[in-house]
Amino acid sequence: MKPQISPFQYSILIANFLFTGTLISLPQVLVQIAEQNAWMVPFISYPIIILIIFLGIGRSRKLKNKISTEIGNSSPYMEKIFGIFMLLFLSLAFIRDVRALADFVVSSLLPSTPIEILTVLSVLTVIYIVHNGLEVITRITVIQFIVLATVIILLPFMLSNEIEFNNLQPILGSSAFPSLFQSSYLLIAWLGEVVIVFLLIPYIKPIKHIKKISILGALFAMILLFILLILELAVLGADITKVSTFPNYQLIQQINITDFLDRLDLIIVTVWAPTLFCKIALTLYCINKSLSYIKGSESSHLVLPMGLFLGTLAILLFKNNIQLLEFSFYTWATIGLFLEICIVGIFILMRIKNKHQKQKVTD
């Protein structure tokens, strides 16, 4: 039986997928470039998400009356090309996120634990989640993300005694606009991960208003990112944020509500970690889906070997955290954006070709 997810669950999946991966270290480089104006970057980059959604999904009114996608209705040759590009894109994202999670845990929580052990355990956990199917991934994501979003929305109140609005000044100085656009360029590749919607469309029921739901889910992710960025600047200041490897973790360490509630950071991390596991699990699920387009048949037998293979690459490809950060901040900005453009372009071609095939059948 084909799994089904509701529009609400789908919007949460999109919000979680776009948001949780940016939490570990990305704010550092955004503030490093845009400084005290970095809080504007999510909204400058947001139109890219809208563009991808509108270009990819198109204007077809028939889409709302059927659960289908252009994949499976196009030529096998086009499907294989789409699957190859999506496989490469998602594999790189999987490797990046798994290693980022392991590096964060080793650096901040379990410094004496070998990173290889943490990586293998993380990958095995993700594989177990994926084997339970898309509906299980979705349910876990909805529960954990709602809790995480609630915590982030409450952060301004928990940090109210630490906020210094002077840290946000000056706003839009003489060199602000070039730095804002440079910072936005680095964020665009992360937001472009919304191309995953092309693989989720067949499972949404009802399919009506899919574009609106996608845009709202992405908007919620950008609002949460905005809250964290402006709090980092107001509480830590630009000078501290741009040299901190894990600025969000350092931010929540500043919470000091009473004398006995001054270590909420560990509790908040336990809320955040499952959401990242869910994002990685959805990535692996879609990797398996991409493989099915390449092979021409669906199967879950490759989830275990593919997950272990990519987990091994996550260990071998980066000697230390510095190499990971360079890849995440700079290399991914170019490679990720290139692959996203290719994926959107191929998907549009598949839509056009499928439309022409239907017209020929009608004629």
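Okay, so the sequence shown: first residue is 787 according to my numbering, each after it adds one. For each residue, glycine too, the CB sits at the ideal point set by N, CA and C. Note that the structure is predicted; figures quoted are calculated from it, not measured.
Exercise for review: For Ala801, I'd like the list of residues in its chain whose CB is within less than 6 Å of its CB, leaving aside the five on either flank, ordered along the chain.
Suggested key: Counting from one through the sequence shown, the residue named residue 801 turns up at place 15. Gly1003, Phe1006 and Ala1007, listed in sequence order.
Practice item. Let me know the secondary structure DSSP gives Ile1043 once reduced to three states. Key: Stepping through the sequence shown from its first residue, residue 1043 is reached at position 257. Ile1043: coil per DSSP, three-state reduction.
**Study point:** Classification of Leu1169 by the beta-carbon crowding that lies within 10 angstroms, buried from 16 upward
**Key:** In the structure as shown, the chain starts at 787 and stops at 1149, and residue 1169 therefore has no counterpart that could be examined.
Point to revise | Three-state secondary structure (DSSP) of Ile990 | key: Locating residue 990 in the sequence shown gives position 204, where the first residue counts as 1. Judged by DSSP in its simplified three-state form, Ile990 adopts strand.
Point to revise | Minimum length 4: unbroken alpha helix (DSSP H) runs contained in the region 1037-1096 | key: Complete alpha helix (DSSP H) runs here, min 4: 1050-1081.
Review point. For Ile810, which of helix, strand or coil comes out of DSSP?
Key: Here residue 810 refers to the residue found at position 24 when the sequence shown is read from its first residue. Ile810 falls in the coil class under three-state DSSP.
Exercise for review: Could you check what DSSP says for Ile957 in three-state terms: helix, strand or coil?
Suggested key: As a position in the sequence shown, residue 957 is number 171, starting the count at 1. Here Ile957 sits in coil by DSSP.
Practice item. Determine the DSSP secondary structure at Ile800, reduced to helix, strand or coil. Key: As a position in the sequence shown, residue 800 is number 14, starting the count at 1. It is helical.
Practice item. Give the C-beta separation of Val1130 and Gly842 to the nearest angstrom, bearing in mind that I take them to be a contact with Cβ-Cβ under 8 Å. Key: On the sequence shown, residue 1130 is found 344 positions in, with the first residue counted as 1. On the sequence shown, residue 842 is found 56 positions in, with the first residue counted as 1. Right, their Cβ atoms sit about 5 Å apart.
Check your understanding: Going by C-alpha distance, which of Val1055, Leu910, Ile867 and Ala824 is nearest Gly1097?
Key -> The residue you call residue 1097 lines up with position 311 of the sequence shown. Looking at the Cα atoms, Leu910 is the closest of the given residues.
Review point. Can you tell which of Lys1105, Leu1103, Phe805 and Ile1054 has its C-alpha closest to the C-alpha of Leu940?
Key: For the purposes of this step, residue 940 is taken as residue 154 along the sequence shown, with counting starting at 1. Of the listed residues, the one whose Cα sits closest to Leu940 is Ile1054.
**Study point:** Endpoints, alpha helix (DSSP H) assigned at Val1021
**Key:** Here residue 1021 refers to the residue found at position 235 when the sequence shown is read from its first residue. For Val1021, there is no enclosing alpha helix (DSSP H), since its DSSP letter is neither H nor E.
Check your understanding: Which residues in the same chain have their Cβ closer than 8 Å to the Cβ of Ser965, if we skip the five residues on either side of it in sequence?
Key -> In the sequence shown, counting from the first residue as 1, residue 965 sits at position 179. If we look at Ser965 and ignore the five residues flanking it on each side, its Cβ neighbours are Ile819, Ala820, Glu821 and Asn823.
Point to revise | Pick from Leu1135, Thr806 and Glu1084 that is closest to Ala935, judged by C-alpha positions | key: Here residue 935 refers to the residue found at position 149 when the sequence shown is read from its first residue. Taking the Cα of Ala935 as reference, the smallest distance to any Cα among Leu1135, Thr806 and Glu1084 is reached at Thr806.
Practice item. Give the straight-line distance between the Cα atoms of Ala1059 and Leu837, rounded to the nearest whole angstrom. Key: Translated into positions along the sequence shown, residue 1059 becomes position 273. Translated into positions along the sequence shown, residue 837 becomes position 51. Distance between the alpha carbons of Ala1059 and Leu837 is about 30 Å.
Point to revise | Span of the alpha helix (DSSP H) around Ser969 | key: The sequence position of residue 969 within the sequence shown is 183, counting from 1. Per DSSP, Ser969 belongs to the alpha helix (DSSP H) from Ala962 to Leu977.
Point to revise | Short Cβ contact (8 Å threshold) for Ile915 with Ile923 | key: The residue you call residue 915 lines up with position 129 of the sequence shown. The residue you call residue 923 lines up with position 137 of the sequence shown. Yes. Within cutoff.
Point to revise | Lys788 versus Tyr796: straight-line alpha-carbon distance, rounded | key: Counted from its first residue, the sequence shown places residue 788 at position 2. Counted from its first residue, the sequence shown places residue 796 at position 10. Each residue's alpha carbon lies about 15 Å from the other.
Check your understanding: Who pairs with Ile939 in a beta bridge, going by DSSP?
Key -> The count along the sequence shown starts at 1 and reaches residue 939 at position 153. Answer is none; Ile939 lacks a bridge partner.
Practice item. Starting from the C-beta of Lys852, find all residues in its chain whose C-beta is less than 8 Å away, skip the five residues before and the five after it, and write them out in chain order. Key: Walking along the sequence shown from the start, residue 852 turns up at place 66. Unreliable positioning characterises Lys852 in this predicted model, as indicated by a pLDDT of 39, which lies under 50. The coordinate reading is nonetheless provided below. Within the same chain, Lys852 has close Cβ partners Ile993.
Point to revise | Ser969 beta carbon less than 8 Å from that of Val1089 | key: Looking up residue 1089 in the sequence shown gives position 303. Looking up residue 969 in the sequence shown gives position 183. No, the Cβ-Cβ distance between Val1089 and Ser969 is not below 8 Å.
Practice item. Using beta-carbon positions only, say whether Asn1107 and Asp889 come within less than 8 Å of one another. Key: One-based indexing of the sequence shown puts residue 1107 at position 321. One-based indexing of the sequence shown puts residue 889 at position 103. Taking 8 Å as the cut-off, the beta carbon of Asn1107 is found closer than this to the beta carbon of Asp889.
Point to revise | Proximal residues to Ile1132 (C-beta, below 8 Å), its chain only, five neighbours per side dropped | key: What you label residue 1132 is simply residue 346 of the sequence shown in a count that begins at 1. Only Met864, Ile867, Phe868 and Phe871 meet the Cβ criterion.
Review point. How big is the Cα-Cα spacing for Leu1068 and Leu1062?
Key: Along the sequence shown, one-based indexing puts residue 1068 at 282. Along the sequence shown, one-based indexing puts residue 1062 at 276. Cα-Cα distance, rounded: 10 Å.
**Study point:** Residues that Ile791 bridges to, as DSSP identifies them
**Key:** Your numbering for residue 791 matches position 5 in the sequence shown. Its beta-bridge partners are Ile990.
**Study point:** Gln1109: first and last residue of the uninterrupted alpha helix (DSSP H) it sits in
**Key:** Numbered from its first residue, the sequence shown carries residue 1109 at position 323. Going by DSSP, Gln1109 is part of the alpha helix (DSSP H) stretching over Asn1107 to Glu1112.
Point to revise | Check whether Val937 and Ile839 have beta carbons under 8 Å apart | key: Locating residue 937 in the sequence shown gives position 151, where the first residue counts as 1. Locating residue 839 in the sequence shown gives position 53, where the first residue counts as 1. Between Val937 and Ile839, the gap from beta carbon to beta carbon reaches 8 Å or more.
Check your understanding: Taking DSSP as the reference, what is the three-state secondary structure of His995?
Key -> Looking up residue 995 in the sequence shown gives position 209. Three-state result, His995: coil.
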